[in-house]
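What follows is a single structure, written as structure tokens, with notes after it.
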Amino acid sequence: MLPDNIANQIAAGEVIQRPSSAVKELLENAVDAGATVIKLVVTDAGKNLIQVIDNGKGMSETDARMCFERHATSKISNIEDLFKIKTMGFRGEALASIAAVAQVELKTKKADEELGTCLEVENSLVKKQEACGTSPGTNICMKNLFFNVPARRNFLKSNAAEMRHIIDEFIRVAMAFPDVFFSLTSNGQEVFHLESGSLKQRILQILGTSYSSKLVSVSEETDYMNIYGFVGKPETSKKTRGDQYFFVNNRFIKSAYLNHAVMNAFNEMIAKDSFPMYVLFIDLDPSQLDINVHPTKQEIKFEDERIVYAFVQAAVKHALAQFSIAPSLDFSLNADIQQMEAVSRPANEARMEAITSSNLFKTFTQKNQAHKIEGTNRSDLKNWRDFYEPAVQPLPTDLDSPAEAANTSGQLEYTGYSLLKQEQKLKLLPDTVLTQLHTTYIIVPTPQGFLLVHQQQAHERVLYERYSQAIHGKQMPAQQSLFPSTIQLSAADAVLMQDLLPDLKVLGYLIEPFGNNTFVVQATPADILQGNEKMAIELLLEQYKHYSSDIKFSKRERLVRCVAKQQAIKSGRVLSQKEMLVLAQELFDCQTPNVTPNGNPTYLEFKGDYLERMFGR
Numbered sequence: 181m182l183p184d185n186i187a188n189q190i191a192a193g194e195v196i197q198r199p200s201s202a203v204k205e206l207l208e209n210a211v212d213a214g215a216t217v218i219k220l221v222v223t224d225a226g227k228n229l230i231q232v233i234d235n236g237k238g239m240s241e242t243d244a245r246m247c248f249e250r251h252a253t254s255k256i257s258n259i260e261d262l263f264k265i266k267t268m269g270f271r272g273e274a275l276a277s278i279a280a281v282a283q284v285e286l287k288t289k290k291a292d293e294e295l296g297t298c299l300e301v302e303n304s305l306v307k308k309q310e311a312c313g314t315s316p317g318t319n320i321c322m323k324n325l326f327f328n329v330p331a332r333r334n335f336l337k338s339n340a341a342e343m344r345h346i347i348d349e350f351i352r353v354a355m356a357f358p359d360v361f362f363s364l365t366s367n368g369q370e371v372f373h374l375e376s377g378s379l380k381q382r383i384l385q386i387l388g389t390s391y392s393s394k395l396v397s398v399s400e401e402t403d404y405m406n407i408y409g410f411v412g413k414p415e416t417s418k419k420t421r422g423d424q425y426f427f428v429n430n431r432f433i434k435s436a437y438l439n440h441a442v443m444n445a446f447n448e449m450i451a452k453d454s455f456p457m458y459v460l461f462i463d464l465d466p467s468q469l470d471i472n473v474h475p476t477k478q479e480i481k482f483e484d485e486r487i488v489y490a491f492v493q494a495a496v497k498h499a500l501a502q503f504s505i506a507p508s509l510d511f512s513l514n515a516d517i518q519q520m521e522a523v524s525r526p527a528n529e530a531r532m533e534a535i536t537s538s539n540l541f542k543t544f545t546q547k548n549q550a551h552k553i554e555g556t557n558r559s560d561l562k563n564w565r566d567f568y569e570p571a572v573q574p575l576p577t578d579l580d581s582p583a584e585a586a587n588t589s590g591q592l593e594y595t596g597y598s599l600l601k602q603e604q605k606l607k608l609l610p611d612t613v614l615t616q617l618h619t620t621y622i623i624v625p626t627p628q629g630f631l632l633v634h635q636q637q638a639h640e641r642v643l644y645e646r647y648s649q650a651i652h653g654k655q656m657p658a659q660q661s662l663f664p665s666t667i668q669l670s671a672a673d674a675v676l677m678q679d680l681l682p683d684l685k686v687l688g689y690l691i692e693p694f695g696n697n698t699f700v701v702q703a704t705p706a707d708i709l710q711g712n713e714k715m716a717i718e719l720l721l722e723q724y725k726h727y728s729s730d731i732k733f734s735k736r737e738r739l740v741r742c743v744a745k746q747q748a749i750k751s752g753r754v755l756s757q758k759e760m761l762v763l764a765q766e767l768f769d770c771q772t773p774n775v776t777p778n779g780n781p782t783y784l785e786f787k788g789d790y791l792e793r794m795f796g797r
């Protein structure tokens, strides 16, 4: 049998994966203790210190000593209790796991006792236990996480990355209990100060006051379950899933299935690549679900998922319709329809005879079918295969990098046009006149035919190579703002911005912290229009978060890619002849001009022989 300290370290690998895991467990313990004030203090993103102070009911001397034992819990006592769990914790693993991988100091006191208890635990062993004076409630400090598991400590991410995870866990617990005061202090600076209040007030405290007039209330009560909360209006949708929160019996959960229900409710109201904001609570009989599925308790099983899905979708649709956001059917007759000839001049016998003798009428009524298609002279189609010669091959979709796209052997044909391997550098013809098509494409003549250049994707490639050079030494020129603008960010975005500031400076952004999650934009890259700095930076952060889930890219690579994508000329912009010529030349000067950083084509080449075949020559 393994010694307790080794068994606890093994268990800790599942429960305590990083500092944010410990934050979650300690905050949930404070909530279960009935606290109305909970304070979280972290140092060095939780690597050196995580401290949670609450005014809950505290523990007796016996319970304080017992709480660090494996599977010691006061929240369940028999197997039936597993099917009616209403507390956040119930397994009794968290404190034992924390004590196995950190140095822990616990001070706790019940309200009706004069003295409290102080314990020091290290590597699952109690080093000190004594009576002490302390406030009612519990004060637990966790120091030097993974001090005895150096491999785990070495694999922790940067302080900024770990701090973002801590903020995520803090927000999830604070959002679930708006009637509790929460605060978060990092390295001596208060990041969150959340006074108790209503759910809407808590949402605005956490996600920002920009949502104040853009929240739609959701509230549906049934015998089976209750749903309440808020969803954002369609204009609040973003490119990332950041502002999406589902709670079941006040427990934060992750459910792609229920997320799909909300997405369906927003169908045709937001872009397909956008995600709505929502904070939704589901109150359900605990016997109808199983939360003992995953160590983090963030994945649960419903007894009947389909009923929950249907209720969630219907509740959100109903809320949007109530606030005149969802499209509604108008059953009143349009005045324009009443003035149409078919309505204002009913058909007489002569007109009816003419209608029934027409070919259109016959094709819809003969052969007992909805619509009969008349036969055609098939001889015109016998040479249809010649039109598609040479053989068709699809464009590549599985290229992992631009380098792979550039090194694809041979020539990729696609119904007559091609994406060429760069055997030789492309050049503009002398006295070339370019044509813009649908304010999206640029037609560039070549000796063999012409190129159809996608202006946005071409500019994205140009900017990507320019910024790649800048990030490795050649700093971009910056344009000083005459009137510096300020940006107010959420706490999570502020931590992200702080982490990106040095690299953004290399790319031409001079941004300085101004306190309280506010930043001052002193300068931006020269090609950003004055007055658009705030929008450009907010979009940049959204793009970066969109890329952040892709671990195969470094932080700098993700930043370069999203800056290039965000600043590229968009489809729909009219370009002058000079602008088109400059863009085409800059594209041809790129090392890999034929694809975007993501592997999409920047242009397609239409060859002369293909054009001849199109016209039957």
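Counting from 181, one number per residue, gives the positions in the sequence shown under this note's numbering.
Glycine is no exception: its CB is placed at the ideal position from the N, C-alpha and C atoms.
### Message
Among ARG382, THR772 and ALA341, whose alpha-carbon lies nearest the alpha-carbon of ASP359?
### Response
Proximity to ASP359 across ARG382, THR772 and ALA341 peaks at ARG382, based on C-alpha coordinates.
### Query
So what's THR612 in DSSP terms, helix, strand or just coil?
Coil at THR612, not helix or strand.
### Query
Taking one C-beta from the region 332-340 and one from the region 295-314 each time, how about it: are there three or more such pairs within less than 8 Å?
Short answer: they don't touch.
### Query
What does THR619 pair with, by DSSP beta-bridge criteria?
THR619 is not bridged to any residue.
### Query
What separation, rounded to the nearest whole angstrom, lies between the Cα atoms of ILE749 and PHE361?
Rounded to whole angstroms, ILE749 to PHE361 spans 46 Å at the Cα level.
### Query
What does a CB cutoff of less than 6 Å around LEU379 pick up in its chain, not counting 5 residues either side in sequence?
Closer than 6 Å at the Cβ level, and outside the excluded window around LEU379, lie PRO358.
#### Entry: Rounded C-alpha distance that separates MET656 from ALA210
Roughly 49 Å separates the two Cα atoms.
### Query
When the Cα atoms are used, what is the spatial distance from ILE487 to MET457?
Looking at the two C-alpha atoms, the distance is approximately 22 Å.
#### Entry: Those runs of the beta strand (DSSP E) which lie wholly inside the region 358-398 and span at least 3 residues
Those beta strand (DSSP E) runs which fall completely within the region 358-398 and span 3+ residues are 361-366 and 369-374.
### Query
Is ALA215 near GLY317, with beta carbons less than 8 Å apart?
Less than 8 Å separates the beta-carbon of ALA215 from that of GLY317.
### Message
Quick check on SER734: buried or exposed, where buried means 16 or more other Cβ atoms within 10 Å of its Cβ?
### Response
When all chains shown are included, SER734 counts as exposed.
### Limits of the beta strand (DSSP E) - the one that THR692 falls within
As written in the sequence, residue 692 is Glu, which differs from the Thr given in the question. It spans 690-695 - the beta strand (DSSP E) in which GLU692 sits, taken as one unbroken run.
### Pick from GLU400, LEU721, LEU761 and LYS204 that is closest to ASP611, judged by C-alpha positions
Measuring from the Cα of ASP611, the nearest candidate turns out to be LEU761.
### Message
Please state the DSSP three-state secondary structure of GLY752.
### Response
If DSSP states are grouped into helix, strand and coil, GLY752 belongs with coil.
### Message
In the DSSP assignment, the beta strand (DSSP E) including ARG431 goes from what residue to what residue?
### Response
Taken as a continuous stretch (DSSP letters only), the beta strand (DSSP E) holding ARG431 covers 431-433.
### Query
With which residues is THR666 paired in a DSSP beta bridge?
Paired residue(s): VAL700.
### Query
Taking all protein chains shown into account, do 16 or more other C-beta atoms lie within 10 angstroms of the C-beta of VAL613, making it buried, or fewer, making it exposed?
VAL613 should be labelled exposed.
### Query
Is GLN573 helix, strand or coil by DSSP?
Only weak support is given to the placement of GLN573: the predicted model assigns it a pLDDT of 40, under 50, and the question is left unresolved by the model.
### Task
Could you pull out every residue in the same chain whose Cβ sits closer than 7 Å to the Cβ of GLY236, ignoring the five residues on either side in sequence?
Same-chain partners within the cutoff: ALA210, ALA213, GLY214, ALA215, GLY317 and THR318.
### Message
Can you find the residues in the same chain that come closer than 6 Å, C-beta to C-beta, to THR577, ignoring five residues on each side of it along the sequence?
### Response
Legend: pLDDT at THR577 = 39, less than 50; position of this residue unreliable, no value from coordinates given.
#### Entry: Own chain residues within Cβ distance below 6 Å of GLU241, not counting five before or after
Its chain contains THR297 as the residues whose beta carbon lies nearer than 6 Å to that of GLU241, once the 5 sequence neighbours on both sides are disregarded; these appear in chain order.
### Message
Looking at ARG421: is its Cβ nearer than 8 Å to the Cβ of ALA672?
### Response
It is not a contact, given that the beta carbons lie outside the stated cut-off.
### Query
Out of curiosity, what's the CA-to-CA distance linking ARG198 and GLU342?
Whole-angstrom Cα-Cα distance: 8 Å.
### Task
Report the residue from LEU669, LYS685, LEU229 and ALA311 whose alpha carbon sits nearest the alpha carbon of LYS654.
Measuring from the Cα of LYS654, the nearest candidate turns out to be LYS685.
### Query
To the nearest angstrom, how far is it from the Cα of ARG797 to the Cα of VAL442?
Going from the Cα of ARG797 to the Cα of VAL442 covers about 54 Å.
### Message
Do LYS323 and LEU220 have their beta-carbon atoms positioned less than 8 Å apart in this structure?
### Response
Contact: no.
#### Entry: Secondary structure of ALA291, DSSP reduced to three states
Correct three-state label for ALA291: coil.
### Query
Between the C-alpha atoms of PRO627 and GLN757, what's the straight-line distance to the nearest angstrom?
Straight-line spacing of the CA atoms in PRO627 and GLN757 works out to 20 Å.
### Run of the beta strand (DSSP E) containing VAL633, from where it starts to where it stops
Taken as a continuous stretch (DSSP letters only), the beta strand (DSSP E) holding VAL633 covers 629-634.
### Task
Would you identify the three-state DSSP class for VAL428, choosing helix, strand or coil?
DSSP places VAL428 within a strand segment (E or B) once states are collapsed to three.
### Message
For the ligand SAH, is there any heavy atom lying closer than 7 Å to the beta carbon of ALA340?
### Response
The model depicted lacks the ligand SAH and carries no ligand whatsoever.
### Query
Since GLU300 is in the alpha helix (DSSP H), which residue starts that stretch and which ends it?
In this chain, GLU300 is not harboured by any alpha helix (DSSP H); it is covered by the beta strand (DSSP E) spanning 296-302.
### Spatial neighbours of VAL701 in its chain, beta-carbon cut-off 8 Å, leaving aside the 5 residues before and after
Excluding residues within five positions, the ones whose Cβ falls inside 8 Å are SER661, PRO664, SER665, THR666, ILE667, TYR689, LEU690, ILE691, GLU713, LYS714 and ILE717.
### Message
Let me make sure I understand the geometry here. Which of THR782, GLN765, LEU206 and GLN309 has the alpha-carbon closest to that of SER751?
### Response
Measuring from the Cα of SER751, the nearest candidate turns out to be THR782.
### Task
Please name the residue, chosen from GLU415, LYS434 and ASN430, that lies closest to GLN424 on a Cα-to-Cα basis.
Looking at the Cα atoms, LYS434 is the closest of the given residues.
### Message
Quick check on the burial criterion: 16 or more other C-beta atoms within 10 angstroms. Buried or exposed for THR808?
### Response
It is not possible to answer for residue 808, since the shown part of the chain is limited to 181 through 797.
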